[in-house]
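Encoded as structure tokens, the structure appears first; notes follow it.
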Amino acid sequence: MSEINNGQSETRVIEAGPPLWLLAEITYACPLHCAYCSNPLNLTDKKDEIGTEEWLRVLSEARDMGAVQLGFSGGEPLLRKDLEQMVAHASELGFYTNLITSGIGMTEKRIAALKDAGLDHIQLSFQAANAEANDLIGNRRHSFAQKLEVAKLIKQYEYPMVLNFCLTAQNIDQIDDVLALATELDADFVELATVQYYGWAYVNRDQLLPSKATLEAAEAKVNAFRDKQNGKGPKFIFVSPDYYEDRPKACMNGWGSTFLTVTPDGSALPCHSAKILPMTFPNVKDKSLQDIWYQDFSFNKFRGYDWMPSPCRDCDEKEKDFGGCRCQAYMLTGDMYQADPVCSKSPHHHTIEAAIESAAKQHDKSVILRDPKNKIDIVTV
Amino acid sequence: MSQVPKRNRLYKLQFEKAQDSYVLLYPEGMVKLNPSAAEILLQVDGEQSVDDIIIALKTKFPEAPDDIGDDITAFLSDAESKDWIHYV
Ligand code: SF4
Ligand code: SF4
Numbered sequence: 001m002s003e004i005n006n007g008q009s010e011t012r013v014i015e016a017g018p019p020l021w022l023l024a025e026i027t028y029a030c031p032l033h034c035a036y037c038s039n040p041l042n043l044t045d046k047k048d049e050i051g052t053e054e055w056l057r058v059l060s061e062a063r064d065m066g067a068v069q070l071g072f073s074g075g076e077p078l079l080r081k082d083l084e085q086m087v088a089h090a091s092e093l094g095f096y097t098n099l100i101t102s103g104i105g106m107t108e109k110r111i112a113a114l115k116d117a118g119l120d121h122i123q124l125s126f127q128a129a130n131a132e133a134n135d136l137i138g139n140r141r142h143s144f145a146q147k148l149e150v151a152k153l154i155k156q157y158e159y160p161m162v163l164n165f166c167l168t169a170q171n172i173d174q175i176d177d178v179l180a181l182a183t184e185l186d187a188d189f190v191e192l193a194t195v196q197y198y199g200w201a202y203v204n205r206d207q208l209l210p211s212k213a214t215l216e217a218a219e220a221k222v223n224a225f226r227d228k229q230n231g232k233g234p235k236f237i238f239v240s241p242d243y244y245e246d247r248p249k250a251c252m253n254g255w256g257s258t259f260l261t262v263t264p265d266g267s268a269l270p271c272h273s274a275k276i277l278p279m280t281f282p283n284v285k286d287k288s289l290q291d292i293w294y295q296d297f298s299f300n301k302f303r304g305y306d307w308m309p310s311p312c313r314d315c316d317e318k319e320k321d322f323g324g325c326r327c328q329a330y331m332l333t334g335d336m337y338q339a340d341p342v343c344s345k346s347p348h349h350h351t352i353e354a355a356i357e358s359a360a361k362q363h364d365k366s367v368i369l370r371d372p373k374n375k376i377d378i379v380t381v
Numbered sequence: 001m002s003q004v005p006k007r008n009r010l011y012k013l014q015f016e017k018a019q020d021s022y023v024l025l026y027p028e029g030m031v032k033l034n035p036s037a038a039e040i041l042l043q044v045d046g047e048q049s050v051d052d053i054i055i056a057l058k059t060k061f062p063e064a065p066d067d068i069g070d071d072i073t074a075f076l077s078d079a080e081s082k083d084w085i086h087y088v
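Just so you know, the protein sequences line up as chains A and B, in that order. 1 is the number of the first residue of the first sequence in the UniProt record's numbering; add one for each residue after it. 1 is the number of the first residue of the second sequence in the UniProt record's numbering; add one for each residue after it.
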């Protein structure tokens, strides 16, 4: 097969396994407005969302290819009235179905209907461990109280419950309360994920990025808490931000190796933030998922190691981290082929150091809330 | 051993055609099981004791070596430490 790009004809098909993980971002609409949201700045309008039939076909095609984990995400997936229908279809196909929700809009009626539809697991996000901070960060009154209700419903309906706390400079000093709340709610797993800087979080990076000292203090508290748990209670997973590492994360386990994201308008991406890159991504309205995953130029572009310039090309760690994140490379260097600047071998590593320095001075500046009215259109050239 | 192992409801055991193997599925994760691990976990039903499971597998695989019981208990203790099973 061949694809045309930049006037050059390329014939490059690289061996790839099936996409084991499908992330279905079914809507960008969301009742909350978290400044750390990783959604794109040019949020798709509801009217441009793909329909139920289209989604059902995408799920069938992905399952045929061997996908097994399916995440319903967004935005807030509960805002789609056809969620139950999609879950039912997915579970009939044999997917393990995950609902990734803020909890806003969940009712007992819906949680029961989702159970009947075969939903396997619910991940509930909290913005903080108390009402005041939670409702401020998500910019919605009473949202904390609603989340507590939803957590109870999740347990009552016997779903595995994962709680997600996105840690930022705004809430990281409340880590003790987070640990206590998660234990009280009897979560199975708790993700304590330090924010990653994509989408709205990138715009607000100065305000969100915690200092290294705060971060280490928080992690030490989590470790101490874990030691006292004696194997009982929630399992806490602490994810440090890569900004304080000297090697990048193996982003998406390698471009086009495991993950496939379909966005509300039907764009198919190798990761949820890839849309920012200066390249064209296929849409499920035009092509089968099979074609997209195995044949499309965009999915093959960063597979393997041939695309790498130095220092990655000659690096003996490239099979470990695949050169890191393409989006981070693009955001920080303007060139998506570069080594992820988190890497200390990158000639652009100073951009990370500069970001840390700049953040240290700006925690008090106000954030830009994720809101369609603050929407920022990105022009790709 | 008369202890009765039971599978953790957080981990869903299912056969995956694309991988030609059994897998354990849990929130946002998957463990691919080798054939013997899968055979053992399939026997864990919350009713059979460890001894029952050893007998069942010896009957099912008569050509297996005599010390297969040790492998089975070793796997079950590993599975317990990973939280895939617990004892009722
Ligand atoms: S991070 Fe906040 S604003 Fe973004 S989708 Fe999740 S709940 Fe909505
Ligand atoms: S140079 Fe590239 S491949 Fe080597 S460790 Fe850094 S990012 Fe990874």
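Heads up, the beta-carbon is just placed ideally off N, CA and C, and yes, glycines get one too.
Helix, strand or coil for residue i? Go by DSSP, reduced to three states.
i             : result
residue 378/A : With a pLDDT of 43 at residue 378/A, under the threshold of 50, the modelled position of that residue is not reliable, and no figure is offered here.
residue 307/A : coil
residue 297/A : helix
residue 52/A  : helix
residue 105/A : coil
residue 12/B  : strand
residue 36/B  : helix
residue 85/B  : strand
residue 232/A : coil
residue 44/B  : coil
residue 263/A : coil
residue 269/A : strand
residue 30/B  : strand
residue 222/A : helix
residue 322/A : coil
residue 4/B   : coil
residue 23/B  : strand
residue 75/B  : helix
residue 284/A : coil
Report yes or no: is there a C-beta of chain A within less than 7 Å of the C-beta of residue i?
i            : result
residue 37/B : no
residue 27/B : yes
residue 10/B : yes
residue 16/B : yes
How would you call residue i, buried or exposed, if buried means at least 16 neighbouring beta carbons within 10 angstroms?
i             : result
residue 86/B  : exposed
residue 256/A : buried
residue 47/A  : exposed
residue 61/B  : exposed
residue 230/A : exposed
residue 396/A : Only positions 1 to 381 of chain A appear in this structure, which leaves residue 396/A out of reach.
residue 178/A : buried
residue 3/B   : exposed
residue 213/A : exposed
residue 234/A : buried
residue 147/A : buried
residue 264/A : buried
residue 39/B  : buried
residue 290/A : exposed
residue 300/A : buried
residue 77/B  : exposed
Between residue i and chain B, is there a C-beta pair that is closer than 7 Å?
i             : result
residue 160/A : yes
residue 393/A : Since the first residue of chain A shown is 1 and the last is 381, residue 393/A is not available in this structure.
residue 188/A : yes
residue 19/A  : no
residue 68/A  : yes
residue 157/A : no
residue 294/A : no
residue 198/A : no
residue 121/A : yes
residue 98/A  : yes
Can you find a heavy atom of ligand 4 that lies under 6 Å from the Cβ of residue i?
i             : result
residue 279/A : Summarising the ligand content, the structure contains ligand 1 and ligand 2 and does not contain ligand 4.
- Query: What are the complete alpha helix (DSSP H) segments, minimum 4 residues, inside the stretch 131–215 of chain A?
  - Reply: The stretch 131–215 of chain A is shown to contain whole alpha helix (DSSP H) runs of 4 or more residues at 131–137, 143–156, 175–184, 199–203 and 205–208, in chain order.
- Query: Where the beta carbon is closer than 6 Å to any heavy atom of ligand 2, which residues qualify, in chain order?
  - Reply: 247/A, 248/A, 311/A, 312/A, 315/A, 317/A, 318/A, 321/A, 323/A, 324/A, 339/A, 340/A, 343/A and 345/A
- Can you check the stretch 22–49 of chain A for any alpha helix (DSSP H) of at least 4 residues that lies completely inside it and give the ranges in chain order? none
- Query: Where are the alpha helix (DSSP H) runs, 4 residues long or more, that stay fully inside the stretch 324–356 of chain A, in chain order?
  - Reply: 326–333
- Of all the beta strand (DSSP E) runs that stay within the bounds of the stretch 57–127 of chain A, which reach a length of 3 or more residues? 69–73, 96–101 and 121–126
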